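Read the structure below first, then the notes.
Protein chains: 4
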Amino acid sequence: MADEEKRGRPRDMAARRRVLTAAYALLEEGGVTALTMEAVAARAKVGKPMLYRSWPNAQALAMAALIEAAPDAPEDDGSGPALAALRRQVRFVVEVFASRIGRSAAALVASATRDTEIFKSFRSQVILSSRTVGRALISRAVEEGDIRPGIDVEAALDAIYGPVFFRVLVGHEGLDAGFADRLMDTVLEGLRPR
Amino acid sequence: MADEEKRGRPRDMAARRRVLTAAYALLEEGGVTALTMEAVAARAKVGKPMLYRSWPNAQALAMAALIEAAPDAPEDDGSGPALAALRRQVRFVVEVFASRIGRSAAALVASATRDTEIFKSFRSQVILSSRTVGRALISRAVEEGDIRPGIDVEAALDAIYGPVFFRVLVGHEGLDAGFADRLMDTVLEGLRPR
Amino acid sequence: MADEEKRGRPRDMAARRRVLTAAYALLEEGGVTALTMEAVAARAKVGKPMLYRSWPNAQALAMAALIEAAPDAPEDDGSGPALAALRRQVRFVVEVFASRIGRSAAALVASATRDTEIFKSFRSQVILSSRTVGRALISRAVEEGDIRPGIDVEAALDAIYGPVFFRVLVGHEGLDAGFADRLMDTVLEGLRPR
Amino acid sequence: MADEEKRGRPRDMAARRRVLTAAYALLEEGGVTALTMEAVAARAKVGKPMLYRSWPNAQALAMAALIEAAPDAPEDDGSGPALAALRRQVRFVVEVFASRIGRSAAALVASATRDTEIFKSFRSQVILSSRTVGRALISRAVEEGDIRPGIDVEAALDAIYGPVFFRVLVGHEGLDAGFADRLMDTVLEGLRPR
DNA sequence: ATCTAAGCGAGACGGTACGTCACGTCTTGGG
DNA sequence: CCCAAGACGTGACGTACCGTCTCGCTTAGAT
Chain Y
1 MADEEKRGRP RDMAARRRVL TAAYALLEEG GVTALTMEAV AARAKVGKPM LYRSWPNAQA
61 LAMAALIEAA PDAPEDDGSG PALAALRRQV RFVVEVFASR IGRSAAALVA SATRDTEIFK
121 SFRSQVILSS RTVGRALISR AVEEGDIRPG IDVEAALDAI YGPVFFRVLV GHEGLDAGFA
181 DRLMDTVLEG LRPR
Chain E
1001 MADEEKRGRP RDMAARRRVL TAAYALLEEG GVTALTMEAV AARAKVGKPM LYRSWPNAQA
1061 LAMAALIEAA PDAPEDDGSG PALAALRRQV RFVVEVFASR IGRSAAALVA SATRDTEIFK
1121 SFRSQVILSS RTVGRALISR AVEEGDIRPG IDVEAALDAI YGPVFFRVLV GHEGLDAGFA
1181 DRLMDTVLEG LRPR
Chain G
2001 MADEEKRGRP RDMAARRRVL TAAYALLEEG GVTALTMEAV AARAKVGKPM LYRSWPNAQA
2061 LAMAALIEAA PDAPEDDGSG PALAALRRQV RFVVEVFASR IGRSAAALVA SATRDTEIFK
2121 SFRSQVILSS RTVGRALISR AVEEGDIRPG IDVEAALDAI YGPVFFRVLV GHEGLDAGFA
2181 DRLMDTVLEG LRPR
Chain A
3001 MADEEKRGRP RDMAARRRVL TAAYALLEEG GVTALTMEAV AARAKVGKPM LYRSWPNAQA
3061 LAMAALIEAA PDAPEDDGSG PALAALRRQV RFVVEVFASR IGRSAAALVA SATRDTEIFK
3121 SFRSQVILSS RTVGRALISR AVEEGDIRPG IDVEAALDAI YGPVFFRVLV GHEGLDAGFA
3181 DRLMDTVLEG LRPR
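Taken in order, these protein sequences are the chains called Y, E, G and A. Per the working numbering, residue 1 is the first one in the first sequence, and the count goes up by one each step. Per the working numbering, residue 1001 is the first one in the second sequence, and the count goes up by one each step. Per the working numbering, residue 2001 is the first one in the third sequence, and the count goes up by one each step. Per the working numbering, residue 3001 is the first one in the fourth sequence, and the count goes up by one each step.
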């Protein structure tokens, strides 16, 4: 383990970039099913063995591409009230997941084996990262007196982010800013101080 | 629509049953990826063309099998309070989706094209049917004075069922009766009369 | 055997005609591979079982269609010299086999099982019928003193008709009237009186 | 033509051999219809795509197998008279084509599309190669004074080899050494010096 | 400066499953 | 009791990707 020889030609970082870019483009164009190892190799002008050297299968590569490209949530600068920041963030999340890429991310989660490193990292960085932000904002809102103390924070986070994901995948009704707002109204009503 | 010619040999219902049973068994044993048309054909002693005559692809067949086998939600006999019935029903939904079959259903939704008849029927009968039950129970709870009038029912339903689906797929935390209860506590708090 | 019941609906002769016409048309349009039982049934507006009642398989049906449509060799009215009639007949045979239908007939022979009644009838009526005519003409030519007596007639017939069939199938060189003439020159040289 | 890129893993010659051997064996055992791509793949322990990489369809593969295995005509050492060598060679050809493999070769010619490279090569190496030998022997026989000069050599070759092929396919009468001899007697009579 | 080990692209390999086609049989309802 | 229509089990078709493997060519760190 400690040895880690480093002779020979090093990995080609430019090729790696080409691969991730190609993978992302395929996801954008045709969704999860369009991302085949063959297509990525062809588009990135790369051999298949090179892909398998870095990622064990197509899902892993897709996840890596999405992790790479995941947009950061808008920074909370702490200036305004936390509740408003939380509303803004949920709107942002809705917007991201409404795109084809968001659907791809959701579909990947649904079909993946859950015991791999890459999956866990994908889950935390792409699917759950907004939850982390939300958790911090809820804490601040409690301090600001807009949410009462003692609530079950995890359950609250589920109630906020779960429905977004649900609609992304099930598509039974639209995903837009109005939805984000109504959802927040309903949930926050249960969280405000009595 | 009214025409509907009915000449020729009719579909063989026994074979159809064998197919759906085989498909369900495969889903149970190995999840979505185990359900291949070849495997179903072999296990049901049926030719592949027969499968394609009735279902356009493996997902559609999987959905049909799940629709066929979908357990009915526990009947609400209207005897007790609606809120209690709602809690019971959410527990039931959590339990169903925690099984391999539940995960298969969720994964199918995630990967399917949404414009087909079979998908819409699958969505309403397997994924959203609990929502319908929940909607009725909320109405009754309003009449019973346990939920205040004027709330956004759809948003409330999303807040209840969304998180279940979310956890099924993302698997970031456990799915059990305790989760169902904590979730209901949080959401109902926002719905009760002021 | 002697019973020969004749109850029930009689065979539909019009349908039979439609079938043979359809089969012939398919042979003309796409050759042997285009004549499938399904295509014939569809084009003749006939059920497949009806086809199988009369012909055991596609080749048999094709043969029947070709037998039905086989052009009769030009009648030898016995007026002119037999040798000239023979030359005319060979030219005619060459012409017939140079068409797509001729090739189909040849290909059928090549691929067929040889022990069936229909094959034997096809062989004699479509492939070998010209031989019969030729045999008679050779006899007359012997009487007329243009061919010497005592030759091996069957070998001579093979030497005349074999090459035609050969070129039809192998297609190494053209099939035309000039070929027919050169062939006859060569063979007849060996048959003339010494 | 001169380019001929040679990158990537080279074709596996051992596998190629296995395929051709399997194909030949199937032809021998069951004739043309027994040679299916699936059967060859199974017997040669090879994937179907590998077959399609090298041959566009079953007929092409069959042809390749027959070309590979085609027995060379007995060498003409030039010692004896050319006419005798020609008789020997025709006997040999008759013998080869009387076998199941010979019939397969003939049937392939009959059913094939004629515009492909593989067909042309098959025709010249399997069907027409004997003709080439025969052409040379006729030339020598002319020099030796056993055949008169000025005859139409191609017509003569057709008269010799055409009937063999004819009988192979039509099977109206036996194919044996006696047939070969009688045929040669008839044809050579027309070729000898006057 | 030259080995030389590793990475590289290309692409063939044995497989699995796909979705389609035609086969030849069987089973309806209608004439 | 035949007919058309058409579903059935079978089996081959030709294609798409899978994940693994060998090639011959860079490329750069170690000798």
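Backbone N, C-alpha and C fix where the C-beta goes; we use that ideal spot for every residue, glycine too. Only a predicted model underlies this, so the values are computations on that prediction, with no experimental measurement involved.
State buried or exposed for Gly1150(E), treating a residue as buried only when at least 16 other CB atoms are found within 10 Å of its CB.
Classified as exposed, Gly1150(E) has fewer than 16 neighbouring CB atoms from the shown chains inside 10 Å of its CB.
Which whole-angstrom value is the C-beta distance of Leu1027(E) and Ile1127(E), which I expect to be below 8 Å?
Not a contact, Cβ separation roughly 15 Å.
Output needed for Thr1113(E): all residues of its chain with C-beta closer than 7 Å, excluding positions within five of it in sequence on either side, in chain order.
Here the set comprises Phe1119.
Along the chain, where does the alpha helix (DSSP H) containing Val1126(E) start, and where does it finish?
Element bounds for Val1126(E): n/a, residue is neither H nor E.
Starting from Lys2045(G) and walking both ways along the alpha helix (DSSP H), at which residues does that stretch end?
Element bounds for Lys2045(G): n/a, residue is neither H nor E.
When the distance is taken between beta carbons, is Ala1159(E) closer than 8 Å to Val1187(E)?
Pairing Val1187(E) with Ala1159(E) gives a Cβ-Cβ distance under 8 Å.
Within 10 Å of its beta-carbon, does Glu2005(G) have 16 or more other beta-carbons around it, so buried, or fewer, so exposed?
Because Glu2005(G) carries a pLDDT of 43, less than 50, the predicted location of this residue cannot be relied on, and no value is offered for it.
Please report the distance separating the alpha-carbon of Leu2020(G) from that of Val2096(G).
If I take the Cα positions, the gap works out to 19 Å.
Would Ala23(Y) and Ala73(Y) be called neighbours here (beta carbons separated by less than 8 Å)?
No. Outside cutoff.
Which residues in chain A have a C-beta closer than 9 Å to the C-beta of Arg2087(G)? List them in chain order.
Residues of chain A passing the Cβ test: none, with the nearest at roughly 14 Å.
Phe1122(E) to Ala1105(E) span [Cα, whole Å]
Rounded to whole angstroms, the gap between the alpha carbons of Phe1122(E) and Ala1105(E) is 9 Å.
Which same chain residues end up closer than 7 Å to Gly2162(G) when comparing Cβ atoms and leaving out the 5 residues on each side of it in sequence?
Taken in chain order, the list of residues that qualify is empty.
Proximal residues, the segment 3121-3148 of chain A versus chain G, C-beta separation under 7 Å
Against chain G - using a Cβ distance shorter than 7 Å - the residues of the segment 3121-3148 of chain A are Arg3123, Ile3127 and Leu3128.
Determine the DSSP secondary structure at Leu2169(G), reduced to helix, strand or coil.
Residue state for Leu2169(G) is assigned as helix, using DSSP reduced to three classes.
Just the chain Y side, please: which residues come within less than 9 Å of Tyr1161(E) by C-beta, in chain order?
By Cβ distance, chain Y contributes Gly162, Pro163 and Phe166.
What's the gap between the Cα of Asp152(Y) and the Cα of Thr132(Y)?
Distance between Asp152(Y) and Thr132(Y), taken at the CA atoms: about 15 Å.
Pro193(Y) by DSSP, collapsed to three states: which one?
In the three-state reduction of the DSSP assignment, Pro193(Y) falls in the coil class, being assigned neither a helical nor a strand state.
With 8 Å as the threshold, decide whether the Cβ of Glu3189(A) is near any Cβ in chain G.
Closer than 8 Å: yes.
To be precise: take each residue of the segment 1051-1062 of chain E, compare its Cβ to all Cβ atoms of chain Y, and keep it if any distance is under 7 Å. Which residues remain?
Within the segment 1051-1062 of chain E, no residue has a Cβ that lies closer than 7 Å to any Cβ of chain Y.
Could you compute how far the alpha carbon of Leu2175(G) sits from the alpha carbon of Arg2091(G)?
For Leu2175(G) and Arg2091(G), the distance between alpha carbons rounds to 10 Å.
State yes or no: is the beta carbon of Ala3106(A) nearer than 8 Å to at least one beta carbon in chain G?
Chain G contact via Cβ: present.
Could you compute how far the alpha carbon of Ala2058(G) sits from the alpha carbon of Glu2029(G)?
Ala2058(G) and Glu2029(G) have their C-alpha atoms some 16 Å from each other.
Residues, ordered as in the chain, of the segment 1026-1039 of chain E that lie near chain Y by beta-carbon distance below 9 Å
Within the segment 1026-1039 of chain E, the qualifying residues are Val1032 and Thr1033.
Taking the alpha carbon of Val170(Y) as the point to measure from, which residue in Leu51(Y), Arg103(Y) and Leu86(Y) has its own alpha carbon closest?
Looking at Leu51(Y), Arg103(Y) and Leu86(Y), the one whose alpha-carbon comes closest to that of Val170(Y) is Arg103(Y).
Once the 5 residues before and after Ala2180(G) are set aside, which same chain residues still bring their CB inside 7 Å of it?
The residues are Val2090, Arg2091 and Val2094.
Using the C-alpha atoms, what's the distance from Leu2157(G) back to Asp2146(G)?
Whole-angstrom Cα-Cα distance: 16 Å.
For Ala2085(G), count neighbouring C-beta atoms within 10 Å of its own C-beta (all shown protein chains included) and say buried if the count is 16 or more, exposed if not.
Residue environment analysis places Ala2085(G) among the buried positions, since at least 16 neighbouring C-beta atoms fall within 10 angstroms of its C-beta.
Using 8 Å as the limit for Cβ to Cβ distance, is Ile67(Y) near chain E?
Chain E contact via Cβ: absent.
Closest residue to Ala64(Y) among Leu83(Y), Val109(Y), Leu191(Y) and Arg88(Y) (Cα-Cα distance)
Ranking the options by Cα distance to Ala64(Y), first place goes to Val109(Y).
Looking at the C-beta of Ile1101(E), does it have a partner C-beta in chain Y at a distance below 8 Å?
At a cut-off of 8 Å between C-beta atoms, Ile1101(E) does not count as an interface residue with respect to chain Y.
Interface flag, Ile3151(A) vs chain G, CB-CB below 8 Å:
Output row for Ile3151(A): interface = yes.
So, for Leu183(Y): in the same chain, excluding its five sequence neighbours on each side, which residues have a beta-carbon less than 8 Å away from its beta-carbon?
Around Leu183(Y): Val90, Ile160, Pro163 and Val164.
Since Ala41(Y) and Leu51(Y) are thought to touch, with beta carbons under 8 Å apart, how far apart are those beta carbons, to the nearest angstrom?
About 6 Å; that satisfies the 8 Å criterion.
Taking Cβ-Cβ distances shorter than 8 Å, what residues in chain G pair up with Thr3116(A)?
Under the 8 Å cutoff, chain G gives no residues; its nearest Cβ is about 12 Å from Thr3116(A).
C-alpha gap between Ser2111(G) and Arg3088(A), whole angstroms
The alpha-carbon atoms of Ser2111(G) and Arg3088(A) are separated by roughly 29 Å.
Taking the alpha-carbon of Arg2148(G) as reference, which of Arg2194(G), His2172(G) and Arg2167(G) has the nearest alpha-carbon?
Answer by Cα proximity: Arg2194(G).
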